[in-house]
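One structure is given here, and the rest of the page talks about it.
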Amino acid sequence: MEIINVDKDGNVIPDLSKKTIPKDLSDVIVEMIYEARSKEVI
């Protein structure tokens, strides 16, 4: 499964970070983004 990075405005960032950011860390970042968005919606 390919990870697609998204910035705070929801723009897709080309996944060049795989070379520098471990997959586990990027998963945590994605989780944080989803949590932040769900809190904004509520």
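In terms of this note's numbering, the sequence shown opens at residue 1008 and continues consecutively. Where is the CB? At the ideal position from N, CA and C, for every residue including glycine. On a predicted model such as this, the values are computed, not experimentally measured, just so you know.
Next item on the list: Determine which residues share a DSSP beta bridge with VAL1037 and list them.
Entry: Note: VAL1037 sits in no beta bridge, so no partner.
Checklist line | Same chain only: Cβ atoms within 6 Å of ILE1036, ignoring 5 sequence neighbours per side | finding: none
Check: In its own chain, which residues sit with a C-beta less than 7 Å from the C-beta of ILE1040, not counting the 5 before and 5 after it?
Finding: VAL1013
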